[in-house]
Amino acid sequence: MTEPRPGHSAGQSEAEAIDRAKQGDAQAFEFLYNLHKRRVYSLCLRMTANTAEAEDLTQEAFLQLFRKIGTFRGESAFSTWLHRMAVNVVLMHLRKKGLPVVSLEEATEGDEDTPKKDFGADDPVLSGSVDRLRLQNAVEQLPPGYRSIFVLHDIEGYEHNEIAAMVGCSIGNSKSQLHKARMKLREFLKTSRAEKAG
Amino acid sequence: MTCAEFQRELPEYLEGGAPQLRDHLNMCPSCSGLVASLESISREARQLQASEEPSPRVWNSIEIALRQEKLIREPRPRNTLVPSLFQRWGAMAWAVPVAAALLVVVGISLYQRPSSPTDARQRTAGNTPAVTAKFAGDPSDEQLLQEVSRRAPLMRDAYERNLKDVNDYIKDAQDSVNADPNDEEAQQALIDAYGQKSMIYEMALDRSLP
């Protein structure tokens, strides 16, 4: 792996690598890949819950980026550009597989998937601590539609207006799906913790 | 406000709206606990960003594709190849000269150009079976893959796919040359195809494996 040269900040090295990659420099491509591979791969893995698919999608996202690198002018952050490309690659893949990218329904009442609402019961279990590994496993169990929104918003940090534009839903639907995803995760985590204690 | 009413408005509250819910939260331990759980989940989710690492085969496949598409244009460093070859590969060191030999044979067969189309068909009929027979079902490929399997099993599938693709490319290019031996583009395509195969061998030997 090509490491940034001593004395240079990561930002300067990335800009230099982009310029060299435009000239066809192999080490520059590898440097850019190593700089961003974890973020892209983790996104693909969380969205698909499948290692082989995630690796293929990571490869596709980087190839699309590198093919277009000559057009990158630096108006936005390179990482933003790459990340958007990766999200689009994953969403297209999910659509091709016929998996729901987002659930279409907006109502929160009468939905089979709506987690049961707790009325009047204490909820001390998850306050203040969530085990990362258990959360990771719980995310994998989410239905694909909930998982996409949760990954894009809570893990990757996109806003609802951005998510709505990417997945083709309303902002209200994005908020609703996110809430349902979190409620579902809460259920999974409580069950998992109860099993562990028992 | 009841808990049911509160939870109906909760999505909006968690997005920074519905300030009127705050009073209920201050008075209801159950709903307050629920909100704390959901906020904790959201907070911890950020730890999952960039938390996983892809296997080495991903970069390997990307690099092969970049070279095939000529997006990587610089010459590969040669100084590591010869000294390290026999140390690391021993019996497999034959593979690079074989790949180079493929290019030489192709070059010779292409440059023995016929003077007429009839001549061309006769000479191609004579040449092609030999050339094709020499490289069809190339046992070198199988030996390379066996060595890759032995040293870096995770890479085998990627190399197998790439060898299959480049062999298909060679076959198509060869068919084009057979159809019209005077077609310079077809000749160049065949040279390029063998060049790509040579590159795959070189990468497998020099770069991609520990």
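Top to bottom, those sequences are chains A and B. Going by this note's numbering, the final residue of the first sequence carries number 676, and the count climbs one at a time with no gaps. Going by this note's numbering, the final residue of the second sequence carries number 298, and the count climbs one at a time with no gaps. All residues carry an ideal CB built from backbone N, CA and C; glycine is no exception. Small disclaimer: the values here were computed from a predicted structure and weren't measured.
Item                                                                                                                                                     : Value
Since A/E538 and A/V567 should fall inside the 8 Å C-beta cutoff, what is the C-beta to C-beta distance between them, to a whole number of angstroms?    : 5 Å
Can you check which of these residues, A/N639, A/L510, A/F666, is closest to A/L541 by C-alpha distance?                                                 : A/L510
Rounded to whole angstroms, what's the CA-CA distance from A/R664 to A/L620? Just pull it up for me.                                                     : 11 Å
Alpha carbon to alpha carbon, what distance is there between A/F544 and B/C116?                                                                          : 54 Å
Locate the alpha helix (DSSP H) running through A/V565, then write down its first and last residues.                                                     : 556 to 574
Helix, strand or coil for B/N270, going by three-state DSSP, please let me know.                                                                         : coil
Give the residues from the stretch 647 to 674 of chain A that approach chain B closer than 8 Å (Cβ to any Cβ), ordered along the chain.                  : K653, S654, L656, H657, R660, M661, L663, R664, L667
Less than 8 Å between the C-beta atoms of A/G650 and A/V580, yes or no?                                                                                  : no
Report, in whole angstroms, the separation of the C-beta atoms of A/L569 and A/M644, which I expect to be a contact under 8 Å.                           : 7 Å
Using a Cβ-Cβ cutoff of 8 Å, what residues of the stretch 632 to 648 of chain A are near chain B? List them in chain order.                              : D632, I633, E634, G635, H638
Can you name, in chain order, every residue of its own chain whose Cβ lies under 7 Å from the Cβ of B/Q156, other than the five neighbours on each side? : Q284
Just how far apart, CA to CA, sit B/I152 and B/Y289?                                                                                                     : 11 Å
Mark B/D263 as exposed unless 16 or more other C-beta atoms lie within 10 angstroms of its C-beta, in which case mark it buried.                         : exposed
Between the beta-carbon of B/A138 and the beta-carbon of A/R660, is there less than 8 Å?                                                                 : no
With DSSP as the reference, label B/G105 as helix, strand or coil.                                                                                       : coil
Assign A/K668 to one of three DSSP states: helix, strand, or coil.                                                                                       : helix
Can you round the beta-carbon distance between B/R161 and A/I633 to whole angstroms, since I take them to be within the 8 Å contact cut?                 : Going by Cβ atoms, the distance from B/R161 to A/I633 rounds to 37 Å, so no, they are not a contact pair.
Can you look up A/Y624 in the DSSP assignment and give me helix, strand or coil?                                                                         : helix
Using CA atoms only, rank isn't needed, just tell me which of B/A261, B/P142, B/P107, B/S128 is closest to A/N512.                                       : B/P142
Just how far apart, CA to CA, sit B/S128 and A/A499?                                                                                                     : 41 Å
Can you list, in chain order, the residues of the stretch 139 to 159 of chain B whose Cβ is nearer than 9 Å to any Cβ on chain A?                        : S139, E140, E141, P142, S143, R145, V146, W147, S149, I150, E151, A153, L154, R155, E157, K158, L159
Identify the continuous alpha helix (DSSP H) that holds A/R551 and give its terminal residues.                                                           : Segment: none, A/R551 is in no alpha helix (DSSP H) and carries neither H nor E.
Are the C-beta atoms of A/K515 and some chain B residue less than 8 Å apart?                                                                             : yes
Flag A/V608 as yes if its beta-carbon sits less than 8 Å from any beta-carbon of chain B, otherwise no.                                                  : yes
Considering just the uninterrupted stretch of the alpha helix (DSSP H) at A/N528, what are its terminal residues?                                        : No alpha helix (DSSP H) contains A/N528, which DSSP labels as neither H nor E.
For a contact defined as C-beta to C-beta under 8 Å, what are the partners of B/I129 on chain A?                                                         : L604, V608, L613, D632, R660, L663, R664, L667
How about A/G502: is its C-beta nearer than 8 Å to some C-beta of chain B?                                                                               : yes
Whole angstroms are fine: how far does the CA of B/E132 sit from the CA of A/G635?                                                                       : 12 Å
Thinking C-alpha only, which one of B/N250, B/K158, B/P107 is nearest B/V146?                                                                            : B/N250
Suppose you measure from the CA of B/L113 to the CA of B/S120; what does that come to, to the nearest Å?                                                 : 5 Å
Please state if the CB of A/L560 and the CB of A/H631 are separated by a distance shorter than 8 Å.                                                      : no
According to DSSP, is B/A208 helix, strand or coil?                                                                                                      : Confidence at B/A208 is low in this model, with a pLDDT of 48, below 50, so its placement is unreliable and no value can be given for it.
Along the stretch 532 to 543 of chain A, what residues have a CB closer than 9 Å to any CB found in chain B?                                             : A532, E533, D534, T536, Q537, F540, L541
If the criterion is Cβ atoms closer than 8 Å, does the pair B/L102 and A/H657 meet it?                                                                   : yes
I think B/E230 touches A/L523, with their Cβ atoms under 8 Å apart; what is that distance to the nearest whole Å?                                        : Not really, about 33 Å apart at Cβ, beyond 8 Å.
For A/S554, would you say it is in contact with chain B, using Cβ-to-Cβ distances shorter than 8 Å as the test?                                          : no
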